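The structure appears right after this line, and notes come after that.
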Amino acid sequence: MFMDHHLQPGSALELVVKRFFTVSVTVVAMAALLGAAGAFTGNHFLYRIHPYIFFIGFGNLAILLLNRYLTATIYPELVVDPEKQMRYISSVLLALLSITVAVFMEWPLLKAATGLFLMILVSGPLREIFTTLSVGRIWKEVSVRYYIFDVLFLLNANLGLFALGLKEAFPHSGIIPFFVTQSAYFLGSSFPLSISVMGFLYTYAWRDSSKRALIRTLFSLWFYIFVGGVLIFLIVILVGNYFGMMLVSHILLFGVMALLGSFALYLYNFFKTSFRHPALAFLLSGLALLFATSAFGIMNIYYIKGIPFGFHPPIRIDKMWIYHSHTHAALLGWITFSFIGMIYIVVPSILRTASLEKLGSEQALSELLDGRTMKKAFRQLTFMLLSSTGVLLGFFLDSGMLLGSAGVVFGCCVAYLLKNLNTELYRENLIKLETHAK
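In terms of the working numbering, the sequence shown has 293 at position 304, counting the first letter as 1, and numbering is strictly consecutive.
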């Protein structure tokens, strides 16, 4: 567990970062393990609840807390209020309890109430951002555009949960649009997390690049392509324009390919001249699985032709493995791998100084972790890659045993992050105590 606070009282920021770290990692691990249990048992409730746990728990925590650290590092006037962030964590945990009861009891109005509660929760930080920063200042920093659009997308995702609950409660009412479905909610919830990772890659991965100006131009262009492409893609899905879906999805795929290739080259040079940073390896693996996500998405579109949006299931029954592979390559792959990489940078950077100072400096990508911790992180990455591949293969083979087994390994690998980083942080705390005693 965390450092003994009787030995070393931490600052308020330290305490909230540790709490965020523990809760967010636990939520992701729990979502994976619940999905694995559903595969083993065939339990419908477990199948239904595990994506809600991931999106509502991890999605909101990552944007409300981690995203704010990254934004406040660039614009310190967006003050991080630890007490308020503790309330965010408690509120998200309450929302998790609420959605679990709603799904188990099949109470759609409680699901709608959960969505409304989360909308109100997210509106607070959003209001703080736009009353503190002008649009000009937001647009000035490329990474801040990504981070703040993520908060807007999260608000929209929670609106989707609210509308989904109402539609399930009043299925024959014409007030809620036809495109509000569970699949649409999960699709909309995945975008906020994706956009933050892009901003993080720009801010930290190419920090030492000699072509910083070119990188800034390319990431500025990619912002419009990625965010604009996502919005256009949602529109062409709703109108059922097959050519538009294919065109936009291929443009995004080629963009991901370019990003993956350039980041792989950057990483090769970084490892050759600096040191092997596990966080960057996690981010590269996330991009590789984003490529797989995009490819599965195009296959989805191919088989969705002729099926009206809102129809359930979204594609032919015999091709549902593609749909599940698409969503899990995004969740277990792109999002989870990337955020673990971010945590391996953000959490040590903040806790070393109990401030955002190091996170905003050149030292964010320095060797902040012990060599043993980094080696264990690479082993963790290896097992996560193998188990996530097993999950995708399980869908293709329609093997509940493979799916469940790989899911259990994946969930345990995610949970291992708690042990690996906490051991490092505890060791650092002992060093501080010895130094202070002398």
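Where a beta carbon is used, it is the ideal one built from N, C-alpha and C, also for glycine.
Model, not experiment: these values are computed from the prediction.
Query	Result
Three-state class that DSSP yields for Asn147 in the structure shown	helix
Counted within 10 angstroms of its Cβ, other Cβ atoms place Ser87 as buried (16 or more) or exposed	buried
Local Cβ density within 10 Å of His161, reported as buried at 16 or more and exposed below that	exposed
Between the CA atoms of Leu407 and Ala18 - distance to the nearest angstrom	10 Å
CA-to-CA distance, Thr206 to Gly27, given in whole angstroms	45 Å
The ligand NAP heavy atom lying under 8 Å from the CB of Ser394	Annotation note on the ligand NAP: not contained in the displayed structure, which lists no ligands.
Alpha-carbon spacing of Pro97 relative to Leu155, whole angstroms	7 Å
For Asn429, the first and last residue of its enclosing alpha helix (DSSP H)	Only positions -10 to 427 of the chain appear in the structure, and residue 429 is not among them; the question remains open.
Contact belief for Gly396 with Ala1 at Cβ below 8 Å, rounded distance in angstroms	The Cβ separation is near 36 Å, so there is no contact.
Limits of the alpha helix (DSSP H) - the one that Asn230 falls within	Premise fails: Asn230 is in no alpha helix (DSSP H) and is neither H nor E.
Residue burial classification, Tyr135 (beta-carbon count within 10 angstroms, cutoff 16)	buried
Inter-stretch contact at 8 Å, needing at least 3 Cβ pairs: the segment 172 to 190 / the segment 44 to 52	yes
For Lys7, the nearest candidate out of Thr60, Ile78 and Phe34 (CA to CA)	Ile78
Sufficient close CB pairs (3 or more, under 8 Å) joining the segment 26 to 40 to the segment 356 to 373	no
C-beta atoms of Ala284 and Leu242 nearer than 9 Å	yes
Reference Gly188, options Ser209, Ser179 and Ser199, closest by Cα	Ser209
C-beta contact flag for Asn56 and Leu107 at 9 Å	no
Test item: CB-CB of Leu321 and Phe384 under 9 Å	no
As assigned by DSSP and simplified to three states, the class of Phe159	coil
Three-state secondary structure (DSSP) of Ile329	helix
Beta-carbon contacts of Met363 that lie in its chain and below 6 Å, excluding the five residues immediately before and after	Pro267
Length-filtered (4 minimum) alpha helix (DSSP H) runs lying within the segment 225 to 286	231 to 262
Segment limits, alpha helix (DSSP H) that includes Arg37	His33 to Tyr41
Straight-line Cα distance separating Gly113 from Met75	14 Å
C-beta atoms of Val216 and Val225 nearer than 9 Å	no
Proximity of Leu50 and Val92 at Cβ, strictly below 9 Å	no
Separation of Ala281 from Asp307, as counted between CA atoms	20 Å
DSSP state of Val397 mapped onto helix, strand, coil	helix
Alpha-carbon spacing of Ser199 relative to Val186, whole angstroms	22 Å
Phe(-9) versus Ser338: straight-line alpha-carbon distance, rounded	Here Phe(-9) scores only 35 on pLDDT, less than 50, and its place in the model is too uncertain to base an answer on.
From Met288, Ala247, Leu375 and Met246, residue whose alpha carbon lies closest to that of Thr316	Met288
Every unbroken alpha helix (DSSP H) within the segment 316 to 388, with a cutoff of 4 residues, ordered by chain	325 to 342 and 360 to 386
Cβ shell of Trp211 (< 8 Å), same chain only, five flanking positions each side left out	Met187, Gly244 and Leu248
Within 9 Å, strictly: CB atoms of Tyr312 and Ile324	no
DSSP-derived helix/strand/coil call for Lys7	helix
Delimiting residues of the alpha helix (DSSP H) encompassing Lys73	Pro71 to Met94
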